[in-house]
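Peer 1:
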Amino acid sequence: MKANIDLDVGRKTFASGLLPELIAALRRSRPGDLIAVVGAEKGIGTDLETWCRFTGNALVESTVENDHGRWVIRHGTVPLESNRPVGSRLWLYTNFDCNLRCDYCCVRSSPGATRRELGLARVKRIAREAAELGVKEVFVTGGEPFLLPDVAELLLACAAA
């Protein structure tokens with residue numbers, strides 16, 4: 172992947188001077204530009220990934236071979252196109268508590284799970300926004316939505332949108 176800026180950091184890590192060089196490279200670049208970080212410390216990949224996540228940048232390529240690595244970072248996020256398609260279905264996880272302990276559950280719901288729920292106001296807003304974007308179907312799931320005292324109102328809000 173061709174980068175706009177190649178940054179050779181040698182053996183530097185975040186503990187030994189990499190961060191100021193990254194910041195200087197970002198200042199020389201524009202949002203969307205690619206910055207290739209090349210270095211002899213293979214372990215910086217995990218730190219770069221974490222740094223990108225916290226700074227709004229994206230690690231888009233990672234290559235580690237023998238005694239060196241190359242990581243490509245996109246400066247900022249790519250602006251979304253206004254005509255970007257939206258899916259036709261929305262899966263709405265209304266809550267994460269459940270009265271069962273299914274070992275296959277992908278959301279780790281159980282009677283021992285911390286009670287978390289979206290709430291009626293948020294569900295109404297999400298359903299309205301989804302409909303405005305062209306979403307045709309809303310699937311209500313969880314946890315176990317039927318444990319919610321306002322499940323009927325949640326379903327009516329989704330149907331009304």
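Heads up, this note's numbering is the position in the sequence shown plus 171, with the first residue counted as 1. Note that the Cβ used here is the ideal one computed from N, Cα and C, for glycine as well.
Roughly how many angstroms separate the alpha carbons of leucine 271 and valine 311, rounded to a whole number?
Peer 2: 17 Å
Peer 1: For the 8 Å Cβ check, are there 3 or more pairs between the stretch 204-219 and the stretch 177-192?
Peer 2: yes
Peer 1: Alpha carbon to alpha carbon, how far is alanine 229 from histidine 246? Give it in angstroms, no decimals.
Peer 2: 7 Å
Peer 1: Can you tell me whether glutamate 324 is helix, strand or coil according to DSSP?
Peer 2: helix
Peer 1: For leucine 189 and leucine 261, I'd like the C-alpha separation in whole angstroms.
Peer 2: 42 Å
Peer 1: At which residues does the alpha helix (DSSP H) containing alanine 284 begin and terminate?
Peer 2: First-last for alanine 284: undefined, no H or E at that position.
Peer 1: Please classify threonine 234: does DSSP put it in a helix, a strand, or coil?
Peer 2: strand
Peer 1: Expressed to the nearest angstrom, what Euclidean distance is found between the alpha-carbon atoms of alanine 284 and valine 322?
Peer 2: 19 Å
Peer 1: So who's on the other strand from arginine 241, going by DSSP bridges?
Peer 2: DSSP lists Val209 and Thr234 as partners of arginine 241.
Peer 1: Run through DSSP, which three-state label would glutamate 315 get?
Peer 2: coil
Peer 1: Could you pull the start and end residues of the beta strand (DSSP E) that arginine 260 belongs to?
Peer 2: 260-264
Peer 1: Given this structure, state the Cα-to-Cα distance separating isoleucine 176 from glycine 216, to the nearest angstrom.
Peer 2: 18 Å
Peer 1: Let's see if you can read the secondary structure: which residues bound the beta strand (DSSP E) around glycine 181?
Peer 2: 176-181
Peer 1: Give me, in chain order, the residues of the same chain whose beta-carbon lies closer than 6 Å to that of threonine 287; leave out the 5 immediate sequence neighbours on both sides.
Peer 2: Checking the sequence, you will find arginine at residue 287 rather than threonine. Within the same chain, arginine 287 has close Cβ partners Phe267.
Peer 1: Evaluate valine 294 with the Cβ neighbour count: other Cβ atoms within 10 Å of its Cβ, from every protein chain shown; 16 or more gives buried, anything less gives exposed.
Peer 2: buried
Peer 1: Just the C-alpha distance for lysine 307 and leucine 325, rounded to the nearest angstrom, thanks.
Peer 2: 16 Å
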